[in-house]
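Asker:
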Amino acid sequence: MQVEGHEHRLGRVGNFPCLPCDACDRSNRDGISWNPSYREGFDCRECDFRVHTKCIFVFKILETSEHPSHDGHCIKLLTTGAPDNIDPNCHICGKRTKRLLYHCSSCNLNLDIHCVVDALSHLNIPWHHHPLLMLDVGDDMLCAVCGKPGGYGYCCPLCWLVVHEECISVFDSPEITDHSYHARHSLKLLTEGAPAYTDLKCHICGRDTGNFLYHCDICKFNMDMVCATYTSLPMALSKMKVHDEHTLALIPRLISFICDACGEKGDHSPYVCLQCDIMFFHQGCARLPRVIHVNRHDHRVYYKYPLGLGEWKCEMCNNEGRVGWGRA
Numbered sequence: 012m013q014v015e016g017h018e019h020r021l022g023r024v025g026n027f028p029c030l031p032c033d034a035c036d037r038s039n040r041d042g043i044s045w046n047p048s049y050r051e052g053f054d055c056r057e058c059d060f061r062v063h064t065k066c067i068f069v070f071k072i073l074e075t076s077e078h079p080s081h082d083g084h085c086i087k088l089l090t091t092g093a094p095d096n097i098d099p100n101c102h103i104c105g106k107r108t109k110r111l112l113y114h115c116s117s118c119n120l121n122l123d124i125h126c127v128v129d130a131l132s133h134l135n136i137p138w139h140h141h142p143l144l145m146l147d148v149g150d151d152m153l154c155a156v157c158g159k160p161g162g163y164g165y166c167c168p169l170c171w172l173v174v175h176e177e178c179i180s181v182f183d184s185p186e187i188t189d190h191s192y193h194a195r196h197s198l199k200l201l202t203e204g205a206p207a208y209t210d211l212k213c214h215i216c217g218r219d220t221g222n223f224l225y226h227c228d229i230c231k232f233n234m235d236m237v238c239a240t241y242t243s244l245p246m247a248l249s250k251m252k253v254h255d256e257h258t259l260a261l262i263p264r265l266i267s268f269i270c271d272a273c274g275e276k277g278d279h280s281p282y283v284c285l286q287c288d289i290m291f292f293h294q295g296c297a298r299l300p301r302v303i304h305v306n307r308h309d310h311r312v313y314y315k316y317p318l319g320l321g322e323w324k325c326e327m328c329n330n331e332g333r334v335g336w337g338r339a
């Protein structure tokens, strides 16, 4: 792994009861040995340091001029320990610094990681137990709301939670009413995962909800943050080429079905035609075109349901086709 600001590649290390870390003081005594993020991490053999997965964020703060005890001075991250002939103790807390520390060359003083991070600008929010730190989150961390990497965001150094700056306002509304996917009841924001009495999956996309989701305790309905705030599936589809006879309705719930377009199984939020003795379609399959053009074929290829009895082979991949679904 290559991190910005460090000339050497970091190797992955793990499977320790508790990995010694040169950025923090956490140990088995702190009761964190159960957490895999403190049992694994990265090391630099050239500089002889190790860092927890949870603590790798320090490489996002290579230098800062915002520390209140060094206003106007730039303190920089060092990875090889305190410079020679300088007191190795942190001048804030008095503890001996580790291989990873911050150093002010103007004052020739050292600061440990905790004292620097703790003094930087924080955002305290009621739905999270720890203060959040504004960072350039980079491409290796995903926003808990939109699921996308990159950009500036709020990061929890303890929980590795990341929320983009533009996504943080989502948490200003702890309750959603009249959401198109679940208009019957209001949905409450949960920040510690789906309740144990549910299946822990989003009823719209079928993915695990993670720690942040909207929930209806009356219907035991879960919806992850992406589906609740960024995904906009229409509740009805009309004149779709795969089935243009009737309107297809979205059923926003976990349900097992066989797709009438591709013949494959599905387990969440299909589009359904209630007028055709219940026809089910995957969300993607509901938008399949009736006619396609294939470069290897001179004529247009039509979707046909069913294909009819007999043995069929796909002309593209030469695999046997499912009886009843395909294009001819």
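Residue numbers 12 to 339, in the working numbering, belong to the letters of the sequence shown in order. All C-beta atoms in this analysis are idealised placements derived from N, C-alpha and C, irrespective of residue type, glycine included.
1. How about His175 and Leu201: do their beta carbons lie closer than 9 Å?
2. Since Ile266 is in the beta strand (DSSP E), which residue starts that stretch and which ends it?
3. Taking the beta strand (DSSP E) that Cys55 belongs to, which residues open and close that run?
4. For Tyr113, count the other beta carbons within 10 Å of its own beta carbon; 16 or more makes it buried, fewer makes it exposed. Which is it?
5. Taking all protein chains shown into account, decide if Ile269 is buried (16 or more other Cβ within 10 angstroms of its Cβ) or exposed.
6. Need the endpoints of the alpha helix (DSSP H) that Asp183 sits in, please.
7. What does the Cβ neighbour count give for Cys55, buried or exposed, with the cut at 16 atoms within 10 Å?
8. Just the C-alpha distance for Pro79 and Ile103, rounded to the nearest angstrom, thanks.
9. Report the rounded CA-to-CA distance for Cys32 versus Cys66, giving the unit in angstroms.
10. For Gly42, which three-state DSSP category applies?
11. Pairs of beta-carbons, one from the region 185-202 and one from the region 230-240, closer than 8 Å: are there three or more?
12. How would you write the range of the alpha helix (DSSP H) that Val3 sits in, first residue to last?
13. Go through its chain and collect everything with a Cβ distance to Cys238's Cβ below 6 Å, but skip five positions before and after it.
14. Report all residues from its chain with a CB closer than 7 Å to the CB of Asp150; omit the five preceding and five following residues, and keep chain order.
15. Run the proximity test for Arg110: is its beta-carbon closer than 8 Å to any non-hydrogen atom belonging to the ligand FMN?
16. Taking the alpha carbon of Glu15 as the point to measure from, which residue in His84, Leu248, Asp147 and His63 has its own alpha carbon closest?
17. Please classify Cys154 as buried or exposed, where buried requires at least 16 neighbouring CB atoms within 10 angstroms.
18. Identify the continuous beta strand (DSSP E) that holds Cys154 and give its terminal residues.
19. How far does the alpha helix (DSSP H) with Ala260 in it reach, from first residue to last?
20. Would the beta-carbon of Val156 fall within 9 Å of that of Thr240?
21. Express the C-alpha separation of Ala34 and Val69 in angstroms, rounding to a whole number.
22. If you draw a straight line from the C-alpha of Leu111 to the C-alpha of His19, how long is it?
23. Please name the residue in Trp171, Pro99, Asp82 and Gly83 whose C-alpha comes closest to that of Leu89.
24. Ends of the alpha helix (DSSP H) at Val24?
25. Reducing DSSP to helix, strand and coil, say where Met246 ends up.
26. Tell me which residues share the same chain as Asn26 and place their Cβ nearer than 8 Å to its Cβ, disregarding the 5 neighbours each side in the sequence.
27. Output yes or no for whether 9 Å exceeds the beta carbon distance between Ala247 and Ala272.
28. Distance cutoff 9 Å, beta carbons only. Does Ser80 sit that close to anything in chain D?
29. Apart from the five residues just before and just after Thr258, which ones in its own chain have a Cβ nearer than 6 Å to its Cβ?
30. What are the partner residues of Gly217, as DSSP defines its beta bridges?
31. On the premise that His139 lies in contact with Cys167, defined as a C-beta separation below 8 Å, what is that separation, rounded to the nearest angstrom?
32. What is the DSSP secondary structure of Phe223, counted as helix, strand or coil?
Answerer: Looking at the coordinates:
1. For this step, residue 175 is matched to residue 164 along the sequence shown. For this step, residue 201 is matched to residue 190 along the sequence shown. Not closer than 9 Å, so no.
2. As a position in the sequence shown, residue 266 is number 255, starting the count at 1. Boundaries of the beta strand (DSSP E) harbouring Ile266: Leu265 to Ile269, taken from the DSSP string.
3. Taking the first residue of the sequence shown as position 1, residue 55 is located at position 44. Where Cys55 is concerned, the enclosing beta strand (DSSP E) starts and stops at Gly52 to Cys55.
4. Working through the sequence shown from its first residue, we reach residue 113 at position 102. The residue in question, Tyr113, is buried, as its Cβ has 16 or more Cβ neighbours within 10 Å.
5. Translated into the one-based positions of the sequence shown, residue 269 becomes position 258. Under this definition Ile269 is an exposed residue.
6. Counted from its first residue, the sequence shown places residue 183 at position 172. Under the DSSP assignment, Asp183 falls outside any alpha helix (DSSP H); it carries neither an H nor an E label.
7. On the sequence shown, position 44 is the one that residue 55 refers to. Taking all protein chains shown into account, Cys55 has 16 or more neighbouring C-beta atoms within 10 Å of its C-beta and is therefore buried.
8. Residue 79 sits at position 68 when you count from the first residue of the sequence shown. Residue 103 sits at position 92 when you count from the first residue of the sequence shown. Those two C-alpha atoms are separated by around 11 Å.
9. Translated into the one-based positions of the sequence shown, residue 32 becomes position 21. Translated into the one-based positions of the sequence shown, residue 66 becomes position 55. A straight line joining the alpha-carbon of Cys32 with that of Cys66 spans about 8 Å.
10. Stepping through the sequence shown from its first residue, residue 42 is reached at position 31. Bear in mind that the predicted position of Gly42 carries a pLDDT of just 49, short of 50, making it unreliable; the figure below should be weighed with that in mind. Under the three-state reduction of DSSP, Gly42 is assigned to coil, being neither helix nor strand.
11. As far as the Cβ criterion goes, the region 185-202 touches the region 230-240, which means the pair count is three or higher.
12. Because residue 3 is not part of the residues shown, which for the chain are 12 to 339, the question remains open.
13. In the sequence shown, residue 238 corresponds to position 227, counting from 1. Only Cys213, Ile215 and Cys216 meet the Cβ criterion.
14. What you label residue 150 is simply residue 139 of the sequence shown in a count that begins at 1. So the list reads Pro160 and Gly161, once near-sequence residues are dropped.
15. Summarising the ligand content, the structure contains no ligands, and the ligand FMN is consequently not present.
16. Here residue 15 is taken as the residue at index 4 of the sequence shown, counted from 1. Nearest C-alpha to Glu15 among His84, Leu248, Asp147 and His63: Asp147.
17. On the sequence shown, position 143 is the one that residue 154 refers to. Only buried fits Cys154, as 16 or more other CB atoms lie within 10 angstroms of its CB.
18. As a working note, residue 154 is residue 143 in the sequence shown. No beta strand (DSSP E) contains Cys154, which DSSP labels as neither H nor E.
19. As a working mapping, residue 260 is identified with position 249 in the sequence shown. Where Ala260 is concerned, there is no enclosing alpha helix (DSSP H), although the beta strand (DSSP E) around it starts and stops at Leu259 to Leu261.
20. Taking the sequence shown and counting its residues from 1, the one referred to as residue 156 is at position 145. Taking the sequence shown and counting its residues from 1, the one referred to as residue 240 is at position 229. Yes, Cβ-Cβ distance for Val156 and Thr240 is below 9 Å.
21. For the purposes of this step, residue 69 is taken as residue 58 along the sequence shown, with counting starting at 1. For the purposes of this step, residue 34 is taken as residue 23 along the sequence shown, with counting starting at 1. Approximately 8 Å, taken between the alpha carbons.
22. Position 100 of the sequence shown, counted from the start, is the residue given in the question as residue 111. Position 8 of the sequence shown, counted from the start, is the residue given in the question as residue 19. Rounded to whole angstroms, Leu111 to His19 spans 14 Å at the Cα level.
23. Numbered from its first residue, the sequence shown carries residue 89 at position 78. Of the listed residues, the one whose Cα sits closest to Leu89 is Pro99.
24. For the purposes of this step, residue 24 is taken as residue 13 along the sequence shown, with counting starting at 1. Run containing Val24: none in the alpha helix (DSSP H); it sits in the beta strand (DSSP E), Gly22 to Val24.
25. By one-based count along the sequence shown, residue 246 stands at place 235. It is coil, neither helix nor strand.
26. Working through the sequence shown from its first residue, we reach residue 26 at position 15. If we look at Asn26 and ignore the five residues flanking it on each side, its Cβ neighbours are Arg50 and Glu51.
27. Position 236 of the sequence shown, counting from 1, holds the residue named residue 247. Position 261 of the sequence shown, counting from 1, holds the residue named residue 272. Here Ala247 is not near Ala272, since their CB atoms are 9 Å or more apart.
28. No chain D is present in this structure, which holds just one protein chain.
29. Reading the sequence shown from its first residue, position 247 is the one you call residue 258. The beta carbon of Thr258 lies closer than 6 Å to those of Ala247 and Ser249 in the same chain, with the five residues before and after it left out.
30. By one-based count along the sequence shown, residue 217 stands at place 206. Paired residue(s): none; Gly217 is not in a bridge.
31. Numbered from 1 along the sequence shown, position 156 holds the residue referred to as residue 167. Numbered from 1 along the sequence shown, position 128 holds the residue referred to as residue 139. Confirmed, Cβ separation roughly 7 Å.
32. Within the sequence shown, the letter at position 212 stands for residue 223. Judged by DSSP in its simplified three-state form, Phe223 adopts coil rather than helix or strand.
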